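To convert, count from 1 in the sequence shown and add 514; that's this note's numbering.
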Amino acid sequence: MVEHSQTSNGTTSDYAAVGGGAAISSVVDLFYQSVLADPQLVGYFEGTDLARLKRHQVQLVSQVMGGPVSYEGADLAEAHRGRGITDADFGRVVEHLIAALAAHSVPEDIVGRVVQALGATQGDIVTAR
Numbered sequence: 515m516v517e518h519s520q521t522s523n524g525t526t527s528d529y530a531a532v533g534g535g536a537a538i539s540s541v542v543d544l545f546y547q548s549v550l551a552d553p554q555l556v557g558y559f560e561g562t563d564l565a566r567l568k569r570h571q572v573q574l575v576s577q578v579m580g581g582p583v584s585y586e587g588a589d590l591a592e593a594h595r596g597r598g599i600t601d602a603d604f605g606r607v608v609e610h611l612i613a614a615l616a617a618h619s620v621p622e623d624i625v626g627r628v629v630q631a632l633g634a635t636q637g638d639i640v641t642a643r
């Protein structure tokens, strides 16, 4: 599980610095538009309740950014077990997340912290080695 309280200046959380829940929801919407348009990744989401998945992703990113939100989804390793996700697939997802954050003018230092925190989950998510 990812539990990082991120701050941009020592007093303001990254969550607040980017605009809070509404901004993160917008980032997540754009992120999934890109992921679902990616032929390498779209197959992983067949039959998935996307509204629920987006809700959990907003919680996860909000928590990582130090927001007043706790991720309440399934354990990441359990949720991804047996899906055959490769390092390359994980990398593509990270690329889409970086692009969505950049499209919302999230400062590079915050993007770096988010990517670092979520990168720490790679071992739980990648199941095909």
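Heads up, the beta-carbon is just placed ideally off N, CA and C, and yes, glycines get one too. Everything numeric in this text was worked out from a predicted model, so none of it was measured.
Q: Can you say whether Ala-614 is buried or exposed, counting buried as having 16 or more other CB atoms within 10 angstroms of its CB?
A: buried
(Q) I want to know whether the stretch 622–640 touches the stretch 533–547 - three or more CB-CB distances under 8 angstroms. (A) no
**Q.** Ser-527 in three-state terms, based on DSSP
**A.** strand
Q: Can you give me the Cβ contacts of Met-515 inside the same chain, cut-off strictly under 6 angstroms, excluding the 5 residues immediately before and after it?
A: Note that Met-515 scores 40 on pLDDT, short of 50, meaning its location in the model is unreliable; the coordinates nonetheless yield the value given after this. Counting only Cβ-Cβ distances below 6 angstroms, and skipping sequence neighbours, we find nothing.
Q: Note down, in chain order, each residue of its chain lying with its Cβ closer than 6 angstroms to the Cβ of His-610, except the 5 sequence neighbours on either side.
A: Phe-545, Ser-548, Val-549
Q. Which class does Ile-599 belong to by DSSP, given the choice of helix, strand or coil?
A. coil
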